[in-house]
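Below is one structure, written out as C-alpha cells; the observations come after it.
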Amino acid sequence: MDASAPQAWRQGQIINLTPSTHKLLLCLMRAAPGVVKKHEMEYLLWGDEPPESGALRTHIHDLRQRIDKNFTPALIETVHGIGFRLHKPFEVSQE
C-alpha cells in the first residue's frame, strides 16, 4: 500500500480507496497483527465529533467490499466487542 495515495494492491490488482477507507486500511496495516479499537477508528475519521450511529460499520463494510470481496482469504477480522484487525502484516510504502 502506498501511504501517500488512496490505493492498495492485492494479488497484483490495484484497489482504489476513498479517503476514509484509505485512512482505515493504513491504520489497520500499521497495527497488524494487533487489534485497532473501534473508538480509535472513530477518532481517526471524525476526531472529537461523535459519528452517527453505524457510521464506522458503513466504512468498514465499504473497505471489506474493496479489499476482501473478490479475494481469498478475507483479511479484515472483526474482534467482537473490541475492534478490527488484519490477519497478515503488510508493507506500507511512504513514497
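Under the numbering used here, think of the first position of the sequence shown as 11, with each following residue one higher. Cβ atoms here follow ideal geometry from the backbone N, Cα and C, with glycine treated the same way. Source: prediction; values computed, not measured.
- [ ] Consult DSSP for L55 and reduce its assignment to one of helix, strand or coil.
- [x] helix
Open item on the list: Using a Cβ distance threshold of 8 Å, determine whether the segment 37-50 contacts the segment 20-29, with at least three qualifying pairs required.
Closed with: Result no; under three Cβ-Cβ pairs closer than 8 Å.
Task: Straight-line Cα distance separating D58 from H32 - done: 20 Å
Task: Local conformation of I92 per DSSP, three classes - done: coil
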